[in-house]
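Going by the numbering used here, the first residue of the sequence shown is number 2, and it counts up by one from there.
Just so you know, even glycine gets a beta-carbon here, dropped at the ideal spot from N, CA and C.
What follows is a short report on a single structure.
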Amino acid sequence: MANDKPAAVEIKRFADHHVITQPNPLRKVLLRVLDKDLDDPIARAEKALAGLSGEFKNWMAIEADRLAAAHAEILRDGFTDSTREELFRAAHDIKGDAATFGFPSAGAAAESLCRIIEHAPSLDQVPSDLITHHINAIQAIVRERTKLDTVSMASELSRQLRGVADEYLAHANRDRPEHLEAILAPSIAPAD
2 MANDKPAAVE IKRFADHHVI TQPNPLRKVL LRVLDKDLDD PIARAEKALA GLSGEFKNWM
62 AIEADRLAAA HAEILRDGFT DSTREELFRA AHDIKGDAAT FGFPSAGAAA ESLCRIIEHA
122 PSLDQVPSDL ITHHINAIQA IVRERTKLDT VSMASELSRQ LRGVADEYLA HANRDRPEHL
182 EAILAPSIAP AD
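Following this line, the structure appears as structure tokens:
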């Protein structure tokens, strides 16, 4: 490409100011697209999600099974670094994916379980029923989500689990003020 002579700087003088306009060499390479030819990435993404929506229930069922398997391993071998990490990762994945896949109540229950894992002084001291109830709730929400009357029940179940978990964590961390602040901070409950 030959070097074109750069356009001159344009200066418009007014009584109280000057307007300086510099040349824009990129105008030569700019491609104008008609409005009808514009790509809408949001529309493409929504269309792709709609095409995959039949798979969402299966994906959540797989994640719920992974969580149950991690819990079964803990019941069999106890809490170790690897079993704790796998339980946390499985719950955290559900927490992150649930709303996208149409299971916000399962996400809320998974978030509550993540809080227990993160903030309990010792997981061996956490009542085993508290963890079991979270896992059973997540599995029930994923399994029964297609029934219309279960939406409000799932939301209430997740809310109550969070309340019990917060009450336990506040009690268990009463001597650890650095954790109490995080535990007692309000969170936004998802809307179903």
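Mind reading off the beta-carbon distance from N174 to H135? Whole number of angstroms is fine, and I expect it under 8 Å. Along the sequence shown, read from residue 1 onward, the residue named residue 174 stands at position 173. Along the sequence shown, read from residue 1 onward, the residue named residue 135 stands at position 134. The pair is not a contact, with the Cβ atoms about 18 Å apart (cut-off 8 Å).
Tell me which residue opens and which closes the beta strand (DSSP E) that T22 is part of. For the purposes of this step, residue 22 is taken as the residue at position 21 of the sequence shown. Unbroken beta strand (DSSP E) run through T22: 19-22.
Inter-residue Cα distance where the pair is K13 and I21: Sequence index remark: in the sequence shown, residue 13 carries index 12 (1-based). Sequence index remark: in the sequence shown, residue 21 carries index 20 (1-based). Those two C-alpha atoms are separated by around 6 Å.
Proximity to A141 [Cα-Cα], best of A51, P24, D66: Counting from one through the sequence shown, the residue named residue 141 turns up at place 140. For the residues A51, P24, D66, the minimum Cα distance to A141 belongs to D66.
Could you check the C-alpha separation between P26 and L32 for me, to the nearest Å? Walking along the sequence shown from the start, residue 26 turns up at place 25. Walking along the sequence shown from the start, residue 32 turns up at place 31. So the two alpha carbons sit approximately 13 Å from each other.
Roughly how many whole angstroms lie between the Cα atoms of L181 and A171? If you number the sequence shown from 1, residue 181 lands on position 180. If you number the sequence shown from 1, residue 171 lands on position 170. Each residue's Cα considered, the two are about 6 Å apart.
Where does the unbroken beta strand (DSSP E) through K96 begin, and where does it stop? What you label residue 96 is simply residue 95 of the sequence shown in a count that begins at 1. That residue, K96, is in no beta strand (DSSP E); its alpha helix (DSSP H) goes 82-98.
The beta strand (DSSP E) spanning R116 covers which residue range? Here residue 116 is taken as the residue at index 115 of the sequence shown, counted from 1. First-last for R116: 105-120, but that is the alpha helix (DSSP H), not the beta strand (DSSP E).
Are the beta-carbon atoms of L68 and I139 separated by less than 8 Å? The sequence position of residue 68 within the sequence shown is 67, counting from 1. The sequence position of residue 139 within the sequence shown is 138, counting from 1. Yes, the pair counts as a contact, with Cβ atoms nearer than the cut-off.
Can you check whether the C-beta of L162 is within less than 8 Å of a C-beta belonging to chain C? Chain labels in this structure do not include chain C; a single protein chain is all it has.
By Cβ distance below 7 Å, which residues in the same chain neighbour L149 in space, the five residues on each side in sequence not counted? Residue mapping note: residue 149 aligns to position 148 of the sequence shown, counting from 1. With a pLDDT of 47 at L149, under the threshold of 50, the modelled position of that residue is not reliable, and the figure given next carries that caveat. The answer is none, since no qualifying residue turns up.
Quick one: residues in its chain with C-beta nearer than 6 Å to the C-beta of Q202, no 5 flanking neighbours on either side, listed in chain order? No answer is possible for residue 202: the residues shown for the chain start at 2 and end at 193.
I want to know whether the segment 155-164 touches the segment 103-115 - three or more CB-CB distances under 8 Å. yes
First and last residue of the alpha helix (DSSP H) that includes R14? The count along the sequence shown starts at 1 and reaches residue 14 at position 13. Unbroken run through R14 is the beta strand (DSSP E), 11-14; no alpha helix (DSSP H).
Measuring only the C-alpha atoms, how far is D40 from L50? If you number the sequence shown from 1, residue 40 lands on position 39. If you number the sequence shown from 1, residue 50 lands on position 49. Roughly 17 Å between the two C-alpha positions.
State the start and end residues of the unbroken alpha helix (DSSP H) segment that holds N174. Locating residue 174 in the sequence shown gives position 173, counting from the first residue. Note, N174: premise wrong, no alpha helix (DSSP H); not H, not E.
Neighbourhood of T84 by C-beta distance below 8 Å, restricted to the same chain and skipping five residues each side: Counting from 1 along the sequence shown, the entry for residue 84 is found at position 83. Excluding sequence neighbours, T84 sits near A71, E74, I75, D78.
Would you tell me roughly how many angstroms separate the C-alpha atoms of P128 and R116, rounded to the nearest one? Indexing the sequence shown from 1 puts residue 128 at position 127. Indexing the sequence shown from 1 puts residue 116 at position 115. Cα to Cα, P128 sits roughly 14 Å from R116.
Since V143 and A62 should fall inside the 8 Å C-beta cutoff, what is the C-beta to C-beta distance between them, to a whole number of angstroms? Start at 1 with the first residue of the sequence shown, and residue 143 comes out as number 142. Start at 1 with the first residue of the sequence shown, and residue 62 comes out as number 61. About 6 Å separates the two Cβ atoms, so the contact holds.
What residue does the alpha helix (DSSP H) around I125 start on, and which one ends it? By one-based count along the sequence shown, residue 125 stands at place 124. Checking the sequence, you will find Asp at residue 125 rather than Ile. From DSSP, D125 is part of no alpha helix (DSSP H); its letter is neither H nor E.
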